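**Student:**
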Amino acid sequence: MDPDPIYLDNSATTPLAGEVIASMEPYFSDEYGNASSLHRFGRRAHAAIEEARASLAETIGVEPSEIVFTSGATEADNLAIKGLAFAHPEKRHIVTSRIEHHAVLHACRWLEERGYEVTYLDVDRAGRVEPEAVKEAIRDDTLLVSIMAGNNEIGTIEPIGEIGEICKERGVPFHTDAGQAYGKVDIPAGSVDLLSVSAHKLNGPKGVGFLYVRKGIRLSPLLSGGGHERGLRSGTENVPGIVGLAAAARLAFSERETVVPRLRGFRERLIEGVMRIPGVRLNGDRKESLPHIVNFSFAGIEGESLVMRLDERGIAASTGSACSSPNLEPSHVLVAIRVPLSMAHGSLRISTGRQTTEEEVDRFLEVIPSVVEELRAISPFKVEG
Amino acid sequence: MMYTEKVIEHFRNPRNMGKLEGYSAVGKVGNIVCGDVMWLYIKVEEDAEGREVISDISWETFGCTAAIATSSMVSELAKGKTLPEAIAITNQDVASELGGLPPVKMHCSALAADALNEAIYEYLKGHGREIPPVLKRRHERLEAEMKKLEERYRAFLEEAGS
Ligand SMILES: Cc1ncc(COP(=O)(O)O)c(C=O)c1O
Ligand code: FES
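Protein chains in written order, with the working numbering: chain W, 1 to 385; chain X, 386 to 547.
Written as structure tokens, this is what we have:
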């Protein structure tokens with residue numbers, strides 16, 4: 001293996017930023033108080049959490065009291081969907097899309113198994129949800145519309161602003177999973193009622209995130225207990241995690257104007273370089289995309305072996321191929337954007353981060369043609385050059 | 386997903402890969418579980434005692450790490466074997482020679498054993514020979530699966546022009 005592995009899987013998770021580690025350190029040692037305690041230890045922990053809450057609220061222009069800390073985006077999605085369902089038992093219909101993260105899809109399916117009706121909206125070939133389709137799907141008993149802000153596999157950005165306006169007109173709460181989009185693209189929080197964020201996609205720690213809950217939206221908690229987070233999420237707060245999440249968000253928003261254009265540049269460079277290889281397709285939209293995610297399919301080869309071959313050359317990436325998934329089915333996102341099954345088999349997701357360098361991108365572009373060629377040489381499907 | 390060292394080693398340095406020049410028969414199989422495809426080429430010759438042996442073997446595989454490693458392993462196991470010996474090679478043999486496979490990947494080793502059987506079936510059929518019932522039954526199942534896969538890959542096969 002190469003001495004310096006190259007990490008191009010930042011949509012799976014990201015390395016902690018130095019500033020984030022530094023911000024968390026005191027809360028692993030001296031500042032160990034429980035934020036619910038009356039004494040000074042407790043008060044200091046409480047203050048740290050409230051400071052974090054305020055700075056996170058500021059990043060999306062909402063009130064601190066509208067931020068609920070969770071264990072990550074999965075929990076935030078579940079709290080938004082099931083929490084709203086439990087609080088409004090008379091509403092039995094949900095609108096979502098076919099390309100949502102499993103945290104949303106499986107929460108919806110869980111409700112479906114309990115008698116709810118779910119409309120899974122189709123997307124176009126780039127992965128975009130049509131706002132008009134949302135409008136048509138909404139019914140009198142619609143509980144919620146949940147459409148992600150940016151897709152974690154192909155990067156496509158959804159028209160959240162437009163969808164939010166439609167929901168507002170119809171008086172239906174709108175949730176968006178911003179697990180990948182937060183800190184990368186503008187999120188019109190004014191058009192959204194519920195929004196999920198995860199710290200570890202943002203150079204923050206794993207196991208922490210938040211749900212923005214617009215004032216006036218009523219949720220039932222998923223966890224019963226001591227009544228933390230205004231009763232919405234019981235359990236002693238993960239103080240170092242919450243502090244780290246806020247530090248990561250501050251960092252992401254403060255350097256967004258330099259980092260995002262750089263990642264966009266990498267994305268263009270990757271597309272140009274990879275598309276020179278014969279038998280390649282770009283999955284997703286070339287323009288309307290998150291800056292850090294790009295997804296390709298290579299004809300004639302299988303994604304898991306591609307990822308393993310790249311790993312041997314020191315490059316970490318991921319795939320949506322059937323062979324790489326526990327149920328041996330290709331990625332639901334690739335299927336939804338109608339990538340032919342054979343091409344879904346050879347998918348590769350590259351995702352960059354703030355620490356990615358141009359040299360790393362170029363190194364990947366140097367390595368990929370030979371890896372593809374090697375695997376094609378042992379494939380029965382020959383691709384014309 | 387944990388692969389054994391042996392799997393990784395065969396994946397890294399696959400043996401007998403590519404298309405075989407002057408092969409006697411080819412077994413073409415596909416697996417509808419995930420959509421992998423393997424073509425196995427054999428060359429059959431008589432040895433000094435007049436027994437038919439697999440004197441050379443090679444393969445082409447479209448599949449995961451395990452599929453590539455099992456292709457490589459089955460080719461090693463079958464090389465130099467008589468036909469009855471080769472027919473007796475099971476997917477369990479292939480998997481255990483590799484130090485085991487993750488449960489979800491056992492079907493990849495089945496593909497390798499199937500491809501070998503299918504190549505032998507094609508060889509016997511091509512030479513107008515009697516075909517053992519095991520091979521015949523297996524052939525019928527494999528043929529049905531391959532049809533489904535060709536359906537699935539039709540667009541691709543056209544696109545790729547192969
Ligand atoms: C869009 C999206 N939503 C939700 C999640 C889940 O986040 P977490 O790992 O914080 O639960 C992820 C990451 O896996 C994601 O990319
Ligand atoms: S070839 Fe698909 S799982 Fe092995």
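Each residue gets a CB set at the ideal place from its N, CA and C atoms; glycine is no exception. What you are looking at is a predicted structure, and each value in this text was computed from that prediction instead of being measured.
(1) What first and last residue would you give for the beta strand (DSSP E) that runs through V414/X?
(2) Which residues bound the beta strand (DSSP E) around T455/X?
(3) Please classify T96/W as buried or exposed, where buried requires at least 16 other C-beta atoms within 10 Å of its C-beta.
(4) Can you check DSSP and say which residues form a bridge with N295/W?
(5) Are there any heavy atoms of ligand 1 lying less than 7 Å away from the beta-carbon of S198/W, as far as the coordinates show?
(6) My output table needs one value for V104/W: the three-state DSSP class, helix, strand or coil.
(7) Where does the unbroken beta strand (DSSP E) through K184/W begin, and where does it stop?
(8) On the CB-based measure, 16 or more other CB atoms within 10 Å of its CB, does L306/W come out buried or exposed?
(9) Would you list, in sequence order, the uninterrupted beta strand (DSSP E) runs of no fewer than 3 residues that lie entirely inside the stretch 60 to 111 of chain W?
(10) Is D4/W near ligand 2 - that is, is its Cβ less than 7 Å away from at least one heavy atom of it?
(11) For the stretch 206 to 213 of chain W against the stretch 234 to 241 of chain W, do three or more pairs of beta-carbon atoms, one drawn from each stretch, fall closer than 8 Å, so that the two count as touching?
(12) Using a Cβ-Cβ cut-off of 8 Å, state whether I368/W counts as contacting chain X.
(13) What are the residues that DSSP puts in a beta bridge with H492/X?
(14) Answer yes if the stretch 361 to 377 of chain W comes into contact with the stretch 304 to 321 of chain W, meaning at least three C-beta pairs across the two stretches below 8 Å, and no otherwise.
(15) DSSP on G407/X, reduced to helix/strand/coil?
(16) Have a look at the DSSP bridge pairing and note the partners of G511/X.
(17) Do you know whose CA, among T70/W, L202/W, R264/W and E257/W, lies nearest A12/W's CA?
(18) Starting from the C-beta of R376/W, find all residues in its chain whose C-beta is less than 7 Å away, skip the five residues before and the five after it, and write them out in chain order.
(19) Can you tell me which residues fall inside 5 Å of ligand 2, judged by beta-carbon distance to its nearest heavy atom, and keep chain order?
(20) Using a C-beta cutoff of 8 Å, does P5/W count as contacting chain X?
(21) Output the boundary residues of the beta strand (DSSP E) element that contains S370/W.
(22) Is M387/X buried or exposed, if buried means 16 or more other CB atoms sit within 10 Å of its CB?
(23) When the distance is taken between beta carbons, is E31/W closer than 8 Å to A17/W?
(24) Leaving out five residues before and five after G485/X in sequence, what residues of the same chain have Cβ atoms less than 8 Å from its Cβ?
(25) Which residue from A480/X, L501/X and K413/X puts its Cα closest to that of D441/X?
(26) Ligand 1 heavy atoms versus the CB of H106/W: any closer than 7 Å?
(27) Need the endpoints of the alpha helix (DSSP H) that G209/W sits in, please.
(28) Would you kindly work out how many angstroms separate the C-alpha atoms of R53/W and A246/W, rounded to a whole number?
(29) Look up S342/W in the DSSP assignment and say whether it is helix, strand or coil.
(30) When every heavy atom of ligand 1 is checked, does at least one fall within less than 7 Å of the C-beta of K82/W?
(31) Counting contacts by CB-CB distance shorter than 8 Å, is R397/X in contact with chain W?
(32) Let me confirm a value: M1/W is counted as buried when at least 16 other C-beta atoms fall within 10 Å, else exposed. Which label applies?
(33) Taking only the alpha-carbon atoms, compute the straight-line gap between E374/W and P380/W and give it to the nearest angstrom.
(34) Tell me whether A126/W sits in a helix, a strand or coil according to DSSP, three-state version.
(35) Using only the alpha-carbon positions, how far apart do R309/W and I378/W sit?
(36) For D478/X, I'd like the list of residues in its chain whose CB is within less than 6 Å of its CB, leaving aside the five on either flank, ordered along the chain.
**Tutor:** Concretely, from the data shown:
(1) As a working mapping, residue 414/X is identified with position 29 in the second sequence. That run of the beta strand (DSSP E) goes A410 to N416.
(2) Reading the second sequence from its first residue, position 70 is the one you call residue 455/X. Run containing T455/X: none in the beta strand (DSSP E); it sits in the alpha helix (DSSP H), T450 to A463.
(3) Here residue 96/W is taken as the residue at index 96 of the first sequence, counted from 1. T96/W sits buried, since 16 or more C-beta atoms from the chains shown fall within 10 Å of its C-beta.
(4) For the purposes of this step, residue 295/W is taken as the residue at position 295 of the first sequence. N295/W is bridged by DSSP to N283/W and R349/W.
(5) Numbered from 1 along the first sequence, position 198 holds the residue referred to as residue 198/W. Relative to ligand 1, S198/W has its C-beta within less than 7 Å of a heavy atom.
(6) Taking the first residue of the first sequence as 1, we reach residue 104/W at position 104. Reduced to three states, the DSSP call for V104/W is helix.
(7) Walking along the first sequence from the start, residue 184/W turns up at place 184. From DSSP, K184/W is part of no beta strand (DSSP E); its letter is neither H nor E.
(8) The sequence position of residue 306/W within the first sequence is 306, counting from 1. It counts as buried.
(9) The qualifying runs are 67 to 70 and 93 to 97.
(10) The residue given as residue 4/W occupies position 4 in the first sequence. No, ligand 2 has no heavy atom inside 7 Å of this Cβ.
(11) Output reads yes: the stretch 234 to 241 of chain W touches the stretch 206 to 213 of chain W.
(12) Here residue 368/W is taken as the residue at index 368 of the first sequence, counted from 1. It does not; no Cβ of chain X falls within 8 Å.
(13) By 1-based counting over the second sequence, the position of residue 492/X is 107. The partner list for H492/X (beta bridge, DSSP) is empty, contrary to what the question assumes.
(14) Output reads yes: the stretch 361 to 377 of chain W touches the stretch 304 to 321 of chain W.
(15) Locating residue 407/X in the second sequence gives position 22, counting from the first residue. The three-state reading of DSSP puts G407/X in coil, since its state is none of H, G, I, E or B.
(16) Translated into positions along the second sequence, residue 511/X becomes position 126. For G511/X, which the question treats as bridged, DSSP gives no partner whatsoever.
(17) Here residue 12/W corresponds to residue number 12 of the first sequence, with the count starting at 1. The option with the nearest alpha carbon to A12/W is L202/W.
(18) In the first sequence, counting from the first residue as 1, residue 376/W sits at position 376. These residues qualify, in order along the chain: G300, I301 and V383.
(19) The set, ordered by position in the chain, is C323/W, C419/X, D421/X, G448/X, C449/X, A451/X, A452/X and C493/X.
(20) In the first sequence, the residue the question calls residue 5/W occupies position 5. It does not: the Cβ of P5/W has no partner Cβ on chain X nearer than 8 Å.
(21) The residue labelled residue 370/W in the question sits at position 370 within the first sequence. From DSSP, S370/W is part of no beta strand (DSSP E) but of the alpha helix (DSSP H) over E358 to A377.
(22) Counted from its first residue, the second sequence places residue 387/X at position 2. Exposed, because fewer than 16 other Cβ atoms sit within 10 Å of the Cβ of M387/X.
(23) Here residue 17/W refers to the residue found at position 17 of the first sequence. Here residue 31/W refers to the residue found at position 31 of the first sequence. Cβ atoms of A17/W and E31/W: not closer than 8 Å.
(24) One-based indexing of the second sequence puts residue 485/X at position 100. Closer than 8 Å at Cβ, skipping near neighbours: T389.
(25) One-based indexing of the second sequence puts residue 441/X at position 56. Comparing Cα-Cα distances from D441/X to each of A480/X, L501/X and K413/X, the minimum goes to L501/X.
(26) Looking up residue 106/W in the first sequence gives position 106. No - ligand 1 has no heavy atom lying nearer than 7 Å to the Cβ of H106/W.
(27) In the first sequence, the residue the question calls residue 209/W occupies position 209. From DSSP, G209/W is part of no alpha helix (DSSP H) but of the beta strand (DSSP E) over G209 to V213.
(28) If you number the first sequence from 1, residue 53/W lands on position 53. If you number the first sequence from 1, residue 246/W lands on position 246. In a straight line, the C-alpha of R53/W is about 7 Å away from that of A246/W.
(29) On the first sequence, position 342 is the one that residue 342/W refers to. Residue state, collapsed to three classes: helix.
(30) On the first sequence, residue 82/W is found 82 positions in, with the first residue counted as 1. No, the beta carbon of K82/W sits no closer than 7 Å to any heavy atom of ligand 1.
(31) One-based indexing of the second sequence puts residue 397/X at position 12. The beta-carbon of R397/X is placed less than 8 Å from the nearest beta-carbon of chain W.
(32) On the first sequence, position 1 is the one that residue 1/W refers to. Its pLDDT being 49, under 50, M1/W is placed unreliably in this model, and the value from its coordinates should be taken loosely. Exposed.
(33) For this step, residue 374/W is matched to residue 374 along the first sequence. For this step, residue 380/W is matched to residue 380 along the first sequence. Going by the C-alpha atoms only, they are around 12 Å apart.
(34) Stepping through the first sequence from its first residue, residue 126/W is reached at position 126. If DSSP states are grouped into helix, strand and coil, A126/W belongs with coil.
(35) Within the first sequence, residue 309/W is the residue found at index 309, counting from 1. Within the first sequence, residue 378/W is the residue found at index 378, counting from 1. The alpha-carbon separation between R309/W and I378/W amounts to approximately 13 Å.
(36) As a first step, residue 478/X must be located in the second sequence, where it is residue number 93. Its chain contains no residue whose beta carbon lies nearer than 6 Å to that of D478/X once the 5 sequence neighbours on both sides are disregarded.
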